[in-house]
Amino acid sequence: MPTASACHILVKTKTEAESIKVKLDKGADFYKLAKQFSTCPSGKKGGDLGEFHKGDMVPAFDKAVFGGPLLKIQGPIKTQFGFHLIKVLYRS
């Protein structure tokens, strides 16, 4: 079964996610912004979700992780939890 490792920043609004993405696109540190803004408990770890299997996450998140580019910021991706900015570290 495919596995991946990713970091994410979860926020409540699309506007907030877009604002953070602009900062990331200008070179801001993902880890620091995740600690500052993410509402997910993983934010304390810089957004690091560790390794997980395909199908472990909600469908929209899973699709972004297993179908999107590596090491590029994706999003905002909407799920029932809010809006995610996702950085896929690796897939196997």
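By the count of the working numbering, the sequence shown reaches residue 188 at its end, each step adding exactly one.
Glycine is no exception: its CB is placed at the ideal position from the N, C-alpha and C atoms.
Computed from a predicted model, the values in this text were never measured in an experiment.
Nearest to residue i by alpha carbon, out of the options?
| i | options | result |
| --- | --- | --- |
| F177 | K128, I116, A160, T135 | T135 |
| V154 | L120, K183, I173 | I173 |
| L120 | F148, L167, D152, G146 | L167 |
| D144 | K117, H180, T175 | H180 |
| K108 | T175, S188, K128, I182 | T175 |
| F148 | L185, L106, Q170, K110 | L185 |
| S101 | G146, L129, I182, K131 | G146 |
| K117 | I182, R187, K131 | I182 |
| G171 | Y127, E112, K150 | E112 |
| I169 | C103, M97, S188 | C103 |
| G164 | R187, I105, Q132 | R187 |
Next on the checklist: As an exercise, report each continuous alpha helix (DSSP H) stretch of at least 4 residues that is fully enclosed by the region 134-188, in chain order.
Outcome noted: Runs found: 155-163.
Checklist entry - With a cut-off of 8 Å, do at least 3 Cβ pairs link the region 126-140 to the region 158-168? => result Judged by Cβ distances under 8 Å, the region 126-140 makes no contact with the region 158-168, as fewer than three pairs qualify.
Checklist entry - What are the complete alpha helix (DSSP H) segments, minimum 4 residues, inside the region 101-132? => result The region 101-132 contains, as complete alpha helix (DSSP H) runs of 4+ residues, the segments 110-121 (chain order).
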